[in-house]
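Student: Reading the sequence shown from the start, the letters are residues -23 to -1, 1 to 353 in mature numbering (1 follows the signal peptide of the UniProt record, and there is no 0).
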Amino acid sequence: MIGLIESLLLIFVILFVIYFIRSKPDEDPSIPYAKYASYPIIGHLIAFTRNRTKLLLECHRRYGACFRIRAANQRFIMIPSHADWMTIVKNSSFKFTGTELGIEIFGFSSVFLDHPELDPDTHRLYVQHLKNRDGLHPMVVEFVRRMYEAMRNDKVSLEKNHSASKWISTGLLELSHRMLFRPSTVALFGDIDTAALEQHFRLFDNKFHYFFIPFPKWVYSCFLRKELNARSSLGKSWQNKCDPNNASNFYRDRLAVYESHSDWLPKEEIGKLVTSFFWASLGNTIPAVFWSLFYILRDPKALQHIQQEMDVHLPFISLDEADSSTAYWTPEQIDSCIYLESAINETIRLVGAPFMLRKCCRDAQTSLEDGRQINI
């Protein structure tokens, strides 16, 4: 009996090894494999799932602007140099496949592949509410009001704790999150409790990029269980928030589109769709704010011009005033800050390319700045 168990274990180990080494692609020797934190069979899986930033920074320091890593059965070419990003993004072999990415990242059912008509219906709403001034105006007004409320509530809370005169230190990314999360969420989705959503969002967003990597299921079960539960909790939470007070027309119109497809679209899938909409409203915007602040604060001349135009066009608003007497900034006043707009646009041009996920749809070749060729 013991011999049988040992034989089965040996067979399992052999099959396990074969699974990870089979169909190994030809690897370009000019792109070094990162031996740092790499283990047999699993490669960089442990380091990659625990702290990908630490792993990639250390590999960048050791191996330069392009290197290879492996996590379980997946192999990656890492290109941390921003000088190469636009070349890769402009490659016509890389496409944004929304439905396929939705299935992988947000757990959409494969039923969406049989109903492509949903995409143009929802895309029309982006044009109507985000690229149209009349559609965008009310959301900007509501966002400004909600941000003022959040700042005022923070001030009141600090005063109650007798710590209003003390400085609070935080990282720039966390500051960007605090500035945006609640104001953006309630301006878009209405009067909902954002506390539970925020906890689940942080968990899921922190490991977001792992979900479009086709790892074996056991990797997600072992290493990303909390994140899977957070994603599931987000999807379920929207099923109980069907029509909150003060929701934006953008959100209401999306719900109406989903309802128009209710003959094949169950509530569980609607929850997943809203989760993707919710993540998109923050997952790209928070990094965009971070990078805009990062570059503006590093440039004294740009900062001076932006501060001067803000003093002219955006009047001082006291956090001590009652809500009824507060005159909030208007979209027209914000539009007058042309230096600020220019700085944001230039920042997004520089760093916005990696925000958009793309999938390689056919064999591709791209050239790096140092002359090396990458074949995919």
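Heads up, the beta-carbon is just placed ideally off N, CA and C, and yes, glycines get one too.
Classify Thr324: buried if its beta carbon has 16 or more other beta carbons within 10 angstroms, exposed otherwise.
Tutor: buried
Student: Which ranges does the alpha helix (DSSP H) cover as unbroken runs of at least 4 residues, wholly within the stretch 101 to 184, from first to last along the chain?
Tutor: 110 to 137, 149 to 166 and 171 to 183
Student: Quick check on Gln216: does DSSP put it in helix, strand or coil?
Tutor: Gln216: coil per DSSP, three-state reduction.
Student: Between Gly167 and the rest of its own chain, which residues show a CB-CB distance below 6 Å, the 5 nearest in sequence each way excluded?
Tutor: Pro221, Asn222, Asn223 and Ala224
Student: Would you kindly check if the distance between the Cβ of Arg129 and the Cβ of Pro160 is under 7 Å?
Tutor: no
Student: When the Cα of Asn352 is compared with those of Arg45, Phe255 and His37, which residue comes out closest?
Tutor: Arg45
Student: Any idea which residues DSSP pairs Gly20 with across the strands?
Tutor: Tyr16 and Ala48
Student: Starting from Ser344, follow the beta strand (DSSP E) in both directions and report where the run begins and ends.
Tutor: According to the DSSP assignment, Ser344 belongs to the beta strand (DSSP E) that extends over Gln342 to Ser344.
Student: Compute the Euclidean distance between the alpha carbons of Gly112 and His186, then round it to the nearest angstrom.
Tutor: 31 Å
Student: Compute every distance between the C-beta of Phe254 and the non-hydrogen atoms of the ligand HEM, then say whether any falls below 6 Å.
Tutor: Because no ligand of any kind appears in the structure shown, any question about the ligand HEM cannot be addressed here.
Student: Which class does Ile263 belong to by DSSP, given the choice of helix, strand or coil?
Tutor: Looking at Ile263 - three-state DSSP - the assignment turns out to be helix.
Student: Out of Phe71, Tyr10, Gly75 and Val88, state which residue places its alpha-carbon closest to the alpha-carbon of Asp240.
Tutor: Val88
Student: How would you write the range of the beta strand (DSSP E) that Glu294 sits in, first residue to last?
Tutor: The sequence as given places Ile at residue 294; Glu does not occur at that position. Run containing Ile294: none; DSSP gives neither H nor E here.
Student: Assuming Tyr40 and Pro6 make a contact with CB atoms under 8 Å, what is their CB distance in whole Å?
Tutor: That pair is no contact at about 13 Å.
Student: With a threshold of 16 other CB atoms inside 10 Å of the CB of Cys338, please say whether the residue is buried or exposed.
Tutor: Here Cys338 is exposed: its Cβ has fewer than 16 other Cβ atoms, across all protein chains shown, within 10 Å.
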